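**Q** I have a structure I would like to understand better, so I am pasting it below and will then ask my questions one at a time.
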Amino acid sequence: MSQFDYIKEIARFGLENDQESLMSKLNELIEHSKKTKKVNFAIQLQSILKESLAKQKTSGLTKFGSDAYHQRIEDKELSDIILEKLTSDYSLDNLVAEDKIIEQLHFFLKEHTSIKLLQQFDLPVSNKVLLHGPSGCGKTLASYVIAGELKKLMYVVNLGAIVSSKLGDTSKNLAKLFRRAASEECIIFIDEFDSIGKLRDYNQDHGEMKRVVNTILQLFDYLPQKSIVIAATNQKDMIDEALLRRFDLNIAFPLPDTDKIKDLINLTLKSGQFQFDKPRSVNAIVKKAVGLSYYSIQKTLITAIKRSIFEQDRENNKPIATLINTKLWSDLVDDEKIALNK
Ligand SMILES: Nc1ncnc2c1ncn2[C@@H]1O[C@H](COP(=O)(O)OP(=O)(O)OP(=O)(O)O)[C@@H](O)[C@H]1O
Ligand SMILES: [Mg+2]
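Numbering (UniProt numbering), first residue to last: 1 to 342.
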């Protein structure tokens, strides 16, 4: 980092009122100045710092405790907004999608496994992804795939929850979260990203929304290349234009067509343990299922498998047949369509 980089960071933390980060950056700048032989400057900075610390202490503020203490406070605050912190074993094989989508994901992953190569040529690494499309079509699943393929830790946050429960703190909380992502080189998965749009309703003059949008724009711009942000929404049109433009990758996950429904069936039955009792009827059910999400279709199939097992007469201790009652599955698909008005 150059002296200018330190100054920019210090200005940012100062304006964000982020005392802890400001202090640690100042300390870094002091060290940097000593190393680069600007000893006088380093001493002056040090005395400003000491003076300020002394003032804080005498005014009864105990803000500047040990690092561990601050880490604990931050952990507690972040735990309110982080739904889950996870690692994943999912790979691209777990996701059914159009070839184009798989290819986009493949190249995105490639950029992260080839960061050094890209950096050699001063090329930027894509690290901001927007996943959009109807419910149950693989947005969350795709985020698990990215985390699993890159073996990165992923923080899952629900923007809806942050926005509604801590309206005024949204910007501050997001800033904290991104700082964590930067230091741990992890993935932040922001679900319900469209909730930002809802801020319009909370505040007549759009002040809060503008503030949050601006914070996110800044956080995006400062995101280190090794950290990744994945945002998901099923209401892309609620998202601010300026924000949409910031994503390096914008991937749609549509409802499955007949080919993809067949791929989903094959994936769900891939262990080879279960087969349909009337394989010839399957095509008609697949056609009927168009309009339902991957999630709904898989759910009805798994229910059919379970009920096919329960249906069997267990009295005489015969081994359990692993045939799926195709008619039962067909009925379940009908029920699902009625339930969802499809
Ligand atoms: N494209 C897909 N390929 C394979 N399985 C899928 C796919 N989409 C959904 N599924 C199945 O449905 C489950 C739910 O999907 P997922 O949570 O990814 O949906 P989503 O798009 O995030 O929906 P929501 O908008 O409601 O959050 C997955 O865990 C998986 O079992
Ligand atoms: Mg989801």
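Note that beta-carbon positions come from the ideal geometry of N, C-alpha and C, so glycine has one too. Just so you know, these numbers come straight off a predicted model, no measurement behind them.
(1) Relative to the C-alpha of A161, which candidate in T268, L130, D194 and H112 has its C-alpha closest?
(2) Looking at ligand 1, does it come within less than 7 Å of A232, judged from the CB to the closest heavy atom?
(3) Compute every distance between the C-beta of C235 and the non-hydrogen atoms of ligand 1, then say whether any falls below 7 Å.
(4) Buried or exposed for S33, going by 16 or more other Cβ atoms inside 10 Å?
(5) Express the C-alpha separation of F4 and L292 in angstroms, rounding to a whole number.
(6) Terminal residues of the continuous beta strand (DSSP E) containing V129?
(7) Can you tell me which of the three DSSP states Y6 falls into?
(8) Considering only the alpha carbon of each residue, which of Y90, I101 and L267 lies closest to K152?
(9) Measuring only from the beta carbon, is L292 closer than 7 Å to any heavy atom that is part of ligand 1?
(10) At the level of alpha carbons, what is the spacing between I81 and F107?
(11) Is K139 near ligand 2 - that is, is its Cβ less than 7 Å away from at least one heavy atom of it?
(12) Assess, as a yes-or-no matter, whether the stretch 215-228 is touched by the stretch 177-186 under the definition of 3 or more beta carbon pairs within less than 8 Å.
(13) Contact defined as beta carbons within less than 8 Å: I believe F274 pairs with I320. What is the distance between those atoms, to the nearest angstrom?
(14) Can you tell me the Cβ-Cβ gap for K139 and A232, rounded? I've got them flagged as a contact below 8 Å.
(15) Give the list of continuous beta strand (DSSP E) stretches no shorter than 3 residues that lie fully inside the UniProt domain "AAA+ ATPase" (125-257).
(16) For a test of the three-state rule: what should DSSP assign to L328, helix, strand or coil?
**A** On the basis of the coordinates in this document:
(1) Of the candidates T268, L130, D194 and H112, the one whose C-alpha sits nearest the C-alpha of A161 is D194.
(2) Short note on A232: C-beta closer than 7 Å to some heavy atom of ligand 1.
(3) For the sequence presented, residue 235 should be read as Gln rather than Cys. It does not: the Cβ of Q235 is nowhere closer than 7 Å to a heavy atom of ligand 1.
(4) buried
(5) 54 Å
(6) K128 to H132
(7) helix
(8) The residue among Y90, I101 and L267 with its C-alpha nearest the C-alpha of K152 is Y90.
(9) No, Cβ of L292 sits at least 7 Å from all heavy atoms of ligand 1.
(10) Those two C-alpha atoms are separated by around 31 Å.
(11) yes
(12) Under the Cβ criterion (8 Å, minimum of three pairs), the stretch 177-186 counts as touching the stretch 215-228.
(13) That pair is no contact at about 11 Å.
(14) 4 Å
(15) 128-132, 154-158, 187-191, 228-233 and 249-252
(16) helix
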